[in-house]
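Protein chains: 2
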Amino acid sequence: MSTKRTAVFISDRTGITVEMLGNSLLSQFDHVHFNRITLPFVDTLEKAQLALEQIKQIGLEEGTRPIVFCTLVNSEVRNAIHGDNALFLDLFEIFIIPLEKELGQKSSHTVGKSHSAGNVKDYNARIEAVNYTLSHDDGQSHKNLDDADIILVGVSRSGKTPTCLYLALQFGIKAANYPLIPEDLDNMKLPPALAKMKHKIYGLTITPERLAQIRTERKPDSNYASLANCRRELSAAEALMRQAGIRFIESTTKSIEELATTIMHETQLARRVF
Amino acid sequence: MSTKRTAVFISDRTGITVEMLGNSLLSQFDHVHFNRITLPFVDTLEKAQLALEQIKQIGLEEGTRPIVFCTLVNSEVRNAIHGDNALFLDLFEIFIIPLEKELGQKSSHTVGKSHSAGNVKDYNARIEAVNYTLSHDDGQSHKNLDDADIILVGVSRSGKTPTCLYLALQFGIKAANYPLIPEDLDNMKLPPALAKMKHKIYGLTITPERLAQIRTERKPDSNYASLANCRRELSAAEALMRQAGIRFIESTTKSIEELATTIMHETQLARRVF
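In the order they appear, the protein sequences are chains W and B. Quick note: the first sequence uses the working numbering, first residue -7, plus one each step. Quick note: the second sequence uses the working numbering, first residue -7, plus one each step.
1) Would you please verify whether the beta carbon of Thr(-5) of chain W is less than 9 Å from any beta carbon of chain B?
2) Tell me whether the beta-carbon of Arg70 of chain W lies closer than 9 Å to the beta-carbon of Leu79 of chain W.
3) Apart from the five residues on each side of it in sequence, which residues of its chain come closer than 6 Å, Cβ to Cβ, to Asp82 of chain W?
4) By the DSSP assignment, the beta strand (DSSP E) with Asp82 of chain B in it spans what residues?
5) Along the chain, which unbroken stretches of the beta strand (DSSP E) at least 3 residues long are found entirely within the stretch 202 to 246 of chain B?
6) Report the neighbours of Gly55 of chain B on chain W: residues whose CB is nearer than 9 Å to its CB, in chain order.
7) Any beta carbon from chain B within less than 9 Å of His128 of chain W's own beta carbon?
8) Taking the alpha-carbon positions, what's the Ala109 of chain B to Ser16 of chain W distance?
9) Looking at chain B, which residues of the stretch 67 to 94 of chain W have a Cβ within less than 9 Å of any of its Cβ atoms?
10) Are there 16 or more other CB atoms within 10 angstroms of the CB of His23 of chain W, so buried, or fewer, so exposed?
11) Assign Lys(-4) of chain W to buried or exposed, taking buried as 16 or more other Cβ atoms, counted over all protein chains shown, within 10 Å of its Cβ.
12) Between Ile47 of chain W and chain B, is there a C-beta pair that is closer than 9 Å?
13) Go ahead and pull the three-state DSSP assignment for Ser133 of chain B.
14) Three or more C-beta pairs under 8 Å: does that hold for the stretch 127 to 134 of chain W against the stretch 228 to 240 of chain W?
15) Counting C-beta neighbours from all protein chains within 10 Å, is the total for Glu53 of chain W 16 or more, i.e. buried, or is it exposed?
16) For Lys(-4) of chain W, which three-state DSSP category applies?
17) Alpha carbon to alpha carbon, how far is Arg234 of chain W from Lys152 of chain W?
18) Give the interface partners of Ile119 of chain W over in chain B, defined as CB-CB distance under 7 Å, in chain order.
19) Can you name the residues of chain W whose CB is closer than 8 Å to the CB of Arg28 of chain B?
20) Around the C-beta of Asn268 of chain W, are 16 or more other C-beta atoms found within 10 angstroms, so that it is buried, or is it exposed?
21) Is Ile241 of chain B near Tyr194 of chain B, with beta carbons less than 9 Å apart?
22) Just to check my reading of the structure: Ile86 of chain B and Ile86 of chain W have Cβ atoms closer than 8 Å, yes? What is that Cβ distance to the nearest angstrom?
23) Assuming Lys192 of chain W and Ile238 of chain W make a contact with CB atoms under 8 Å, what is their CB distance in whole Å?
24) Would Gly75 of chain W be called buried (16 or more neighbouring beta carbons within 10 Å of its own) or exposed?
25) Locate the alpha helix (DSSP H) running through Phe26 of chain W, then write down its first and last residues.
26) What in chain W is Cβ-close to Thr36 of chain B, meaning under 8 Å?
27) In the DSSP assignment, the beta strand (DSSP E) including Val60 of chain B goes from what residue to what residue?
28) Looking at the unbroken beta strand (DSSP E) that takes in Thr6 of chain W, where does it start and where does it end?
29) Counting Cβ pairs closer than 8 Å, one from the stretch -1 to 13 of chain B and one from the stretch 179 to 186 of chain W, do we hit at least three?
30) In chain W, which residues lie with their C-beta within 8 Å of the C-beta of Ser100 of chain B?
31) Suppose you measure from the CA of Gly51 of chain W to the CA of Pro58 of chain W; what does that come to, to the nearest Å?
32) For Ala160 of chain B, which of helix, strand or coil comes out of DSSP?
33) Are the C-beta atoms of Ala252 of chain W and some chain B residue less than 9 Å apart?
34) Rounded to whole angstroms, what's the CA-CA distance from Phe26 of chain B to Glu45 of chain B? Just pull it up for me.
35) Helix, strand or coil: how does DSSP classify Ile143 of chain B here?
36) Looking at the C-beta of Gln132 of chain B, does it have a partner C-beta in chain W at a distance below 9 Å?
Shown next, in the form of structure tokens:
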């Protein structure tokens, strides 16, 4: 039987961390449909009070109490929300005490320490990586290819661009990408600009069915999008990558996060920002 | 006194969630310098054993035990790592029991349920948002502006592009952006294409000092990068946005995550992907 419950993510900051952890926990319950609400920037008693009112209201309307995931650094704010009106799972509260004990230090209990732009070095590294990645998208520039941390290759629409952007934004990685175009595939050769770069090339592939589906959304009823053509391109691209000794990964059943992390892991690239 | 400790993030998946939560907790301890290691895709007993060896080794070399944040769904894998060799903070273990009790259901204990590409609808929405955002970066296309969920404006280098890309990748939001160029500022008018779009425009601003610093890295010793010019442009841009009734936010001390989330929150935009 499928049931419906509301999950609320509350944070004194962006709420991104608590949403990610909460969603990963909720995904373990197949038979519950979760309605999700995020309340970011809850950093005053007043906002805590408003959040509590909203939680109470949901409980009244639905007849079941909401499940609330919080990361609230300030204990006054936290205490103003906690109570019997919801199942409260506070990530901060549960972990900070054992950490204080282990480190022999009190925590600073300061809101807004993580992913802060206060760290100008990290911020600059991210922006620089994003700019680099944008100007080296889809093989548009051979300039400064030596500066690339990684170069992704693959046929058109195999997932190179979003993966590169994620690498840049999340990890500060300078990620160039080159399409393997029909010419490259006919010659069974990598794009000439990449010949000396093999050590930092990584490939993406995808199933012909999925590729045809993606390309059809872009150019319906074209040869480009036809299953036969997708099959041909992919089989040639995979043969080319094998021959060149380039590792590759199948993107079909993987999220952008998984593609990016797998590539980082397998190439032993270290993230440049935290 | 500043001390040094090693933090290890272990996940059976990408490790991104556990890194984010771990970093947000560690940032509460000012006087400790943390060396960080991430071990993603630890999903077999064999990999768990290797992770444990690495943890033991760090403890021996440093004379203090590492702090280990994990999200390990499989209890066998988890038990193979846990022990006295580290402070183990397992996010999954701590929260899954109260959730099971509250929901009256056993969790599926399945690895890899969250941000999975299995959800083709979510995946397509993200890719579509990224493509839209790329083709509407820096005012390069007026086409389909009606489809934009949001349009960011601001002077050159105020942080529009990375914020738009983050909105697209993380939340599936179609985010266009337009630079406010000297012409717009002289006329005290928004770019003409945006005249009918006011309801979905949001502005970015920045301090003149920071802007001059960023622009100097791009074009040293130029009028474009000079503090006087940055002051002039920013003051005109802010006056223009005020006059047009456009809300804006200062990007100087904010991370990309904070900018994106604040804009989502203030414009009441709902995320399109989870």
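Every residue gets a Cβ at the ideal spot worked out from N, C-alpha and C, and that includes glycine. Model, not experiment: these values are computed from the prediction.
On the basis of the data shown:
1) By 1-based counting over the first sequence, the position of residue -5 of chain W is 3. With 9 Å as the cut-off, Thr(-5) of chain W counts as an interface residue toward chain B.
2) Looking up residue 70 of chain W in the first sequence gives position 78. Looking up residue 79 of chain W in the first sequence gives position 87. No, these two residues do not count as a Cβ contact at 9 Å.
3) Position 90 of the first sequence, counted from the start, is the residue given in the question as residue 82 of chain W. Cβ neighbours of Asp82 of chain W beyond the five flanking positions: Cys62.
4) In the second sequence, residue 82 of chain B corresponds to position 90, counting from 1. That run of the beta strand (DSSP E) goes Leu79 to Asp82.
5) 240 to 242
6) Translated into positions along the second sequence, residue 55 of chain B becomes position 63. Near Gly55 of chain B there are no residues of chain W at all, since even the closest Cβ is about 14 Å away, more than 9 Å.
7) Residue numbering aside, residue 128 of chain W sits at position 136 when the first sequence is read from its first letter. Output row for His128 of chain W: interface = no.
8) Start at 1 with the first residue of the second sequence, and residue 109 of chain B comes out as number 117. Start at 1 with the first residue of the first sequence, and residue 16 of chain W comes out as number 24. Note that Ala109 of chain B scores a pLDDT of 46, beneath 50, so its modelled location is shaky; the value from the coordinates is reported in the next line. If you take the alpha carbons of Ala109 of chain B and Ser16 of chain W, they lie about 14 Å apart.
9) Leu79, Leu81, Leu83, Phe84, Ile86, Phe87, Ile88, Pro90, Leu91, Glu92, Lys93 and Glu94
10) Position 31 of the first sequence holds residue 23 of chain W. It is exposed - the Cβ of His23 of chain W has fewer than 16 other Cβ atoms within 10 Å.
11) Counting from one through the first sequence, the residue named residue -4 of chain W turns up at place 4. Exposed is the call here.
12) Walking along the first sequence from the start, residue 47 of chain W turns up at place 55. Chain B contact via Cβ: absent.
13) On the second sequence, position 141 is the one that residue 133 of chain B refers to. It is coil, neither helix nor strand.
14) no
15) Position 61 of the first sequence, counting from 1, holds the residue named residue 53 of chain W. With fewer than 16 Cβ atoms within 10 Å of its Cβ, Glu53 of chain W is classed as exposed.
16) For the purposes of this step, residue -4 of chain W is taken as residue 4 along the first sequence, with counting starting at 1. Looking at Lys(-4) of chain W - three-state DSSP - the assignment turns out to be strand.
17) As a first step, residue 234 of chain W is located in the first sequence; it is residue number 242 there, counting from the start. As a first step, residue 152 of chain W is located in the first sequence; it is residue number 160 there, counting from the start. Cα-Cα distance, rounded: 18 Å.
18) Position 127 of the first sequence, counted from the start, is the residue given in the question as residue 119 of chain W. The contacting residues are Pro154.
19) Stepping through the second sequence from its first residue, residue 28 of chain B is reached at position 36. Residues of chain W passing the Cβ test: Phe266.
20) This structure cannot speak to residue 268 of chain W, because chain W is shown only from -7 to 266.
21) Here residue 241 of chain B corresponds to residue number 249 of the second sequence, with the count starting at 1. Here residue 194 of chain B corresponds to residue number 202 of the second sequence, with the count starting at 1. Closer than 9 Å, so yes.
22) Residue mapping note: residue 86 of chain B aligns to position 94 of the second sequence, counting from 1. Residue mapping note: residue 86 of chain W aligns to position 94 of the first sequence, counting from 1. Yes, Ile86 of chain B and Ile86 of chain W are in contact; Cβ-Cβ is about 6 Å, under 8 Å.
23) The count along the first sequence starts at 1 and reaches residue 192 of chain W at position 200. The count along the first sequence starts at 1 and reaches residue 238 of chain W at position 246. Not really, about 10 Å apart at Cβ, beyond 8 Å.
24) To locate residue 75 of chain W, count along the first sequence from 1; it is residue 83. Per the 10 Å Cβ criterion, exposed.
25) As a working mapping, residue 26 of chain W is identified with position 34 in the first sequence. No alpha helix (DSSP H) contains Phe26 of chain W, which is instead part of the beta strand (DSSP E) from Val24 to Leu31.
26) Residue numbering aside, residue 36 of chain B sits at position 44 when the second sequence is read from its first letter. Within 8 Å Cβ-Cβ: nothing; Thr36 of chain B doesn't reach chain W, min ~15 Å.
27) The residue labelled residue 60 of chain B in the question sits at position 68 within the second sequence. Run containing Val60 of chain B: Ile59 to Thr63, per the beta strand (DSSP E) assignment.
28) By 1-based counting over the first sequence, the position of residue 6 of chain W is 14. Thr6 of chain W -> no beta strand (DSSP E), and no H or E assigned at all.
29) no
30) Within the second sequence, residue 100 of chain B is the residue found at index 108, counting from 1. The contacting residues are Gln20, Phe21 and Asp22.
31) Taking the first residue of the first sequence as position 1, residue 51 of chain W is located at position 59. Taking the first residue of the first sequence as position 1, residue 58 of chain W is located at position 66. Whole-angstrom Cα-Cα distance: 6 Å.
32) Here residue 160 of chain B is taken as the residue at index 168 of the second sequence, counted from 1. Ala160 of chain B falls in the helix class under three-state DSSP.
33) Sequence index remark: in the first sequence, residue 252 of chain W carries index 260 (1-based). For Ala252 of chain W, the answer is yes, since a Cβ of chain B falls inside 9 Å of its Cβ.
34) Residue mapping note: residue 26 of chain B aligns to position 34 of the second sequence, counting from 1. Residue mapping note: residue 45 of chain B aligns to position 53 of the second sequence, counting from 1. When rounded, the distance between both Cα atoms is 20 Å.
35) As a first step, residue 143 of chain B must be located in the second sequence, where it is residue number 151. If DSSP states are grouped into helix, strand and coil, Ile143 of chain B belongs with the strands.
36) Against the second sequence, residue 132 of chain B aligns to sequence position 140. Not an interface residue.
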